[in-house]
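J.: Structure provided below as structure tokens; questions to follow.
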Amino acid sequence: MNNNETNNIKIINADPSALGLFGLAMVTLVASSVKLGLTSGVSLVVPWAIFLGGFAQLFAAINDSKRNNTFGTTAFGGFAFFWFAVAFSWLIQAGVLGQGLIAGIDTTQFGFAYAGYFIFSFYMTIGSMETNKVLFIIFCLIDLLFIGLTLSTFKILPEFSHALAAYSELLIALFSFYGSAAVVLNSHFGKTFLPQGKPFRIFKK
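Read left to right, the sequence shown gives residues 344 to 548 (the working numbering).
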């Protein structure tokens with residue numbers, strides 16, 4: 344093999360979205376168990392938020408960047424940093440980072456953060472329409488989750504908004520498991536083993 348042939352070899356990186364979706368599935372499954380009243384407290388949710396919600400999705404974002412995938416980089420990166428922020432917020436509330444920070448806690452600030460992430464999720468939902476339908480469903484559910492979290496934090500229709508957030512988060516986990524499995528198995532078998540649904544072809548013809 345000469346130098347020209349070597350230079351023409353294109354290295355194809357593995358699709359990191361399988362791991363990113365698995366991380367999202369795991370952290371939302373564990374977190375939803377608290378909202379649904381199946382478990383209590385967030386102490387043991389913190390590790391899942393940091394490692395699965397944070398690092399797994401950050402890994403996917405970095406590797407999507409290497410694939411020149413702006414959408415995947417932004418989506419996984421944005422939600423990775425969301426879970427890092429949530430985990431550290433829980434640590435502050437637990438007093439791990441000192442009593443001084445506890446004195447200045449105003450949980451209403453969560454509401455503004457959730458509202459900001461709803462805006463982020465909404466325009467990412469538009470982008471997801473041109474990827475596949477499974478991802479589009481996941482983003483629609485994420486929109487509902489942030490609507491529920493925002494309203495619940497601001498104490499607007501508290502029972503309804505809490506239930507909306509809880510069940511949306513559980514459904515995010517289930518669809519993310521499916522999405523992760525589809526990426527892995529479709530790639531592994533070299534065929535459509537689990538269908539993901541074609542893009543809507545509205546904005547990209």
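The beta-carbon is built from N, C-alpha and C at its ideal position, and this holds for glycine as well.
Would you say Phe424 touches the ligand NAP, meaning its beta carbon is less than 7 angstroms from a heavy atom?
T.: This structure does not include the ligand NAP; it has no bound ligands of any sort.
J.: I'd like the list of long-range same chain contacts for Phe546, defined as Cβ closer than 8 angstroms, with 5 residues on each side in sequence excluded.
T.: Here the set comprises Ile469, Met472 and Glu473.
J.: Flag this pair as yes or no: are the beta carbons of Leu395 and Gly522 separated by less than 8 angstroms?
T.: No, the pair does not count as a contact, with Cβ atoms beyond the cut-off.
J.: Could you name the residues of the same chain whose beta carbon sits closer than 8 angstroms to that of Lys548, not counting the 5 residues immediately before and after it, in chain order?
T.: There are no such residues.
J.: I'd like the list of long-range same chain contacts for Arg544, defined as Cβ closer than 8 angstroms, with 5 residues on each side in sequence excluded.
T.: Glu473, listed in sequence order.
J.: Suppose you measure from the CA of Ala404 to the CA of Phe453; what does that come to, to the nearest Å?
T.: If I take the Cα positions, the gap works out to 24 angstroms.
J.: Checking 8 angstroms against the spacing of the C-beta atoms, do Phe425 and Tyr466 come in under that value?
T.: Cβ atoms of Phe425 and Tyr466: not closer than 8 angstroms.
J.: When the Cα atoms are used, what is the spatial distance from Ile499 to Asn411?
T.: Distance between the alpha carbons of Ile499 and Asn411: 41 angstroms.
J.: For Glu512 and Ser386, which I take to be in contact (beta-carbon distance under 8 angstroms), what is that distance rounded to the nearest angstrom?
T.: At roughly 18 angstroms, the Cβ-Cβ gap does not stay under 8 angstroms, so Glu512 and Ser386 are not in contact.
J.: Taking the alpha carbon of Ala368 as the reference point, which residue from Asn529, Thr535 and Leu514 has its own alpha carbon closest?
T.: Answer by Cα proximity: Leu514.
J.: Check the C-beta distance from Phe536 over to Asn529 and give it rounded, since I have them as a contact under 8 angstroms.
T.: With a Cβ gap of about 5 angstroms, Phe536 and Asn529 count as contacting.
J.: Rounding to the nearest angstrom, what Cα-Cα distance links Lys476 and Phe482 in this structure?
T.: Going by the C-alpha atoms only, they are around 10 angstroms apart.
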